[in-house]
Structures are given as structure tokens and as C-alpha cells.
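Please read the structure below before turning to the comments.
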Amino acid sequence: MELKITMTPMAPYFLGTERNASYIGEQNSQQSELKPYFIRSAELPSQSALFGILRYLGIEKPSSDFRLSAQDKMNIGESSYNLLSDIAQEFGRIHSISPLMLADREDRRYIPAPRNCQPTTIKDNYGSFASFDEFCVVASMDGARYLPSQYDEKKAWHGAQFLCLDDGKLYDSLFQTQVRVGINRQNQRKNEQEQESSGFFKKEYVILKSGYSFLFYANVDDAFRYKSDSIAYVGQGRSPFTVHMEKAEPGARQITIPSSCTPPIVKVNGKEQAVCYAVALSDCFYPDEIADLRGSCSFMMAESRDYRVFTTNYEAQSSRNRYRKHEHGLKLLQAGSVFLFFGKEGQTPQEQMAAFQGLVYHPHAGIAGFNQFYFSDGVLN
1253 MELKITMTPM APYFLGTERN ASYIGEQNSQ QSELKPYFIR SAELPSQSAL FGILRYLGIE
1313 KPSSDFRLSA QDKMNIGESS YNLLSDIAQE FGRIHSISPL MLADREDRRY IPAPRNCQPT
1373 TIKDNYGSFA SFDEFCVVAS MDGARYLPSQ YDEKKAWHGA QFLCLDDGKL YDSLFQTQVR
1433 VGINRQNQRK NEQEQESSGF FKKEYVILKS GYSFLFYANV DDAFRYKSDS IAYVGQGRSP
1493 FTVHMEKAEP GARQITIPSS CTPPIVKVNG KEQAVCYAVA LSDCFYPDEI ADLRGSCSFM
1553 MAESRDYRVF TTNYEAQSSR NRYRKHEHGL KLLQAGSVFL FFGKEGQTPQ EQMAAFQGLV
1613 YHPHAGIAGF NQFYFSDGVL N
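Residues in the sequence shown are numbered from 1253 upward in steps of one, following this note's numbering.
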């Protein structure tokens, strides 16, 4: 059974991020570093957060002591999702979820825009766009490399933020921000004689524009028990979201990117050349060095984001001690990253892309919607 899940924030929300600026004290040393003074929310919830929300809404009666009944364990599994788990995890009647998307009132769907697309004009929040369709070949220490002729490294390449799958338009931003001031009570006066540094700090919250919601799909057993409408609290800031779940048509999660964004034929040194594309639909976990992927494709335009795994302490009796940060942070490839394949060493573009597909395939990551790609089939007639 396929479920369609939409999430709408009830207020400005705050989601955790590793990108925090810190204030340094007068001695300008690491010993005098205080808690971050300005912290900024992520715009999008992570795939693991979405998976956690689905599991939470599969609990019949959530309890204050975090205990699950035998029926709950059968429905959603016993343990929380861990991207770095060395053993296969089971989640009851839940099989997998899709990458995160956005949807508007007309049920049009939006995905992170491919990084090779740049708005040429912006009007009414969308614009026409240019994508890489002309390349030149240059020599490098890694052999021949393909570089887009349209790209000028001395100028910023301002990619659009979202691509509408229904009208094929690029949208600049669907978010606004709101800065709030808070007080970190740990940095307040200890006593009348001793006073610590100011505990004031700023937090930048995110506002999803009116008429839009987050959207993802879940593949579950027909016997999966869930609530059609509920409220879920997301992130350590416990931002409230309304959540609506309903049955979806089979194949509803299928995504097709317009060919104008990933043209199957481009020009290389003025000559037509077939090309295949891989577009990351979700953030992707690659256990080895991300830079190693460069040699598996002809050209890549990718960005990374920081991500930290949270593990669950089932012995904790309070939400404060419920979760533990993993010791090490991770670098994930961001959704929208693009990889191009022209073929090499006797390989066709399709064969080169198939080899890349094997490198980024990660069944455990895919359960929570990580490592999902759109693969094109460039053919030169």
C-alpha cells in the first residue's frame, strides 16, 4: 500500500542544523568559546525526521515513558532508524519512504532544482532557465574532463531552489525567515559577585509560504495502522506540524524530470554527443570519500550538507536525555546534485551511468528515502 503524507507547519519552525556560528570571548581562544550566538534553522526536514514522523503516527497511544506496546512494535518496529547501523533494521509494516517534496494547493509537486539549471529571468517568483547543453573538453591530471561552456567560474552560478514537476518552471524560494531573540539561562549570573557572559542569542526561524506543504510517500503493508490526521512535533525545538495521511494511487511517488532540464543530446566541442544524467532527488549518504565519485562520471555539479546521526537512549525517562548525538558528523550529497555521463574507455553513457548507480545504491539508506536518484536515458539517434 502506498500512503501520501502531507505536513504543514502551524507556525514558524526551527529544525536542527550543524551550521552554527559561535561567539568568541575576549581572549579569542577556544577555551573562551561560548554557546552559539546566532543559530539558523534548516529549511527542510531530513529524511530520517520524516521516517520518525511516520513511525510516531503509527503508534496507537503514545506514552510519556516512550514505551511501545506489542502491537506498536509489530506495526513500526522496536528501534529508531540509524543511518549508520551495521545491522539490518526492521520497521514492522513499514518498508520505505520517498524523497521529500513540496506541494501546493493545486497538488502540484516541487523538488529541489537540479544544480545545472539557472534562472535567466525571475518574475512572479519563477523564471525561464538555462541548463548545461554545450561542453568543451580540457586536459587534467585525471585525464580529459568536460566543462560547460556556459559556466563562468568568475561569476556565481545562482541556481534556482525548486523545480515544479507539473509546469516545468523554476522557483527561486518558497520560504521566508523570522529572527527571534532568546536567553540561554546557562550563561546567566551565577551569584551577585560572579557574572557570566550575556546569555542572549538569536535564532532564525523558517516560514513556509502560505499554500505550500511538505510531501512524501510511504510504502507500507496493507495492515499498517495509522492516524489520518494528527499533529507531530518536529526537531529538538518541537515545532508543531499538522500531518494528513491518505492512501495514494500505485506509482504516485514516481518522478519524471522535464527533458528541458536534462537534455539527452548536448554539444561537445561543437559536435553532438549523447549524455545521461543522474539527479539526486534526496540527500545521499556515500560511505567513502564523496570526492571519489568524481572519477565515476564525466562531470558533476554537487553540493554537500552536514548531517549528524541521533541515536535513541531507551533507558531515558525524559525527552531531554532521550536522544544522543553521534560522535562524528557526516557529509551528505544534497538533493539536486547532478552527475553527467558521456561514456569512457569503451563504455556507453548508459553503461557508465549504470556503474555509478551501483556505487550510490545503499539499501539501508533507501529505507528512509536517502540515496534516491532520477536516472535519464540519453540516446543519440
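Just so you know, even glycine gets a beta-carbon here, dropped at the ideal spot from N, CA and C.
For residue i, does the three-state DSSP call read helix, strand or coil?
i, result
"PRO1510", "coil"
"HIS1616", "helix"
"SER1548", "helix"
"ARG1307", "helix"
"GLU1603", "helix"
"ASN1327", "helix"
"PHE1290", "strand"
"ILE1339", "coil"
"GLN1428", "strand"
"SER1348", "strand"
"GLN1525", "strand"
"GLY1395", "strand"
"PHE1591", "strand"
"LEU1267", "coil"
"PHE1537", "coil"
"LEU1320", "coil"
"LEU1302", "helix"
"GLN1624", "coil"
"PHE1476", "coil"
"ARG1441", "A caution first: ARG1441 carries a pLDDT of 49, below 50, which makes its placement in the model unreliable, though a value can still be read off. Looking at ARG1441 - three-state DSSP - the assignment turns out to be coil, as it is neither helix nor strand."
"ALA1554", "coil"
"ILE1276", "In this prediction, ILE1276 scores a pLDDT of 45, lower than 50, which makes its location untrustworthy; the coordinate-derived value is nonetheless stated afterwards. In the structure shown, ILE1276 sits in coil (DSSP, three-state: anything other than H, G, I, E or B)."
Beta-carbon within less than 6 Å of residue i's beta-carbon, same chain only, minus the 5 sequence neighbours each way: which residues are those?
i, result
"MET1326", "GLY1344"
"GLY1420", "PRO1510"
"ASN1368", "SER1383, PHE1384, MET1553 and VAL1590"
"LEU1417", "ARG1361"
"GLY1595", "PRO1601 and GLN1604"
"ILE1619", "SER1348"
"PHE1493", "MET1259, PRO1261, ALA1484 and VAL1486"
Does the Cβ-Cβ distance between residue i and residue j come in under 7 Å?
i, j, result
"TYR1265", "VAL1458", "yes"
"VAL1680", "PRO1297", "Look at the range of the chain in this structure, 1253 to 1633, and you will see that residue 1680 is not part of it."
"LEU1611", "SER1548", "yes"
"PHE1303", "ILE1349", "yes"
"MET1259", "PHE1466", "yes"
"ARG1505", "TYR1469", "yes"
"VAL1390", "ASN1521", "no"
"LYS1461", "LEU1426", "yes"
"ALA1617", "PHE1537", "yes"
"SER1392", "CYS1528", "no"
Keeping to the same chain, check which residues put their C-beta closer than 7 Å to that of residue i; ignore five residues upstream and five downstream.
i, result
"LEU1533", "PRO1351, ILE1363, ILE1507, ALA1587, GLN1624, PHE1625 and TYR1626"
"SER1556", "ILE1542, LYS1583, LEU1584, LEU1585 and GLN1586"
"ALA1500", "GLU1254, LEU1255, LYS1256 and TYR1469"
How long is the line joining the alpha carbons of residue i and residue j, rounded to whole angstroms?
i, j, result
"ARG1397", "PRO1516", "19 Å"
"LEU1306", "GLU1254", "13 Å"
"VAL1561", "LYS1523", "47 Å"
"LEU1354", "PRO1314", "28 Å"
"SER1491", "PHE1608", "38 Å"
"PHE1387", "TYR1559", "33 Å"
"LYS1479", "ILE1346", "14 Å"
"LEU1545", "PRO1366", "17 Å"
"PRO1502", "ASP1473", "13 Å"
"ILE1339", "SER1331", "12 Å"
"SER1401", "LEU1336", "40 Å"
"GLN1323", "GLU1498", "21 Å"
"THR1429", "TYR1464", "15 Å"
"SER1482", "TYR1613", "34 Å"
"THR1514", "PHE1453", "44 Å"
"GLY1598", "PRO1615", "29 Å"
"ILE1291", "ASP1356", "29 Å"
Return the Cβ separation of residue i and residue j in integer angstroms, given the expectation that the two are a contact with Cβ distance under 8 Å.
i, j, result
"ASP1535", "PHE1622", "6 Å"
"GLU1312", "GLY1329", "No, GLU1312 and GLY1329 are not in contact; Cβ-Cβ is about 14 Å, not under 8 Å."
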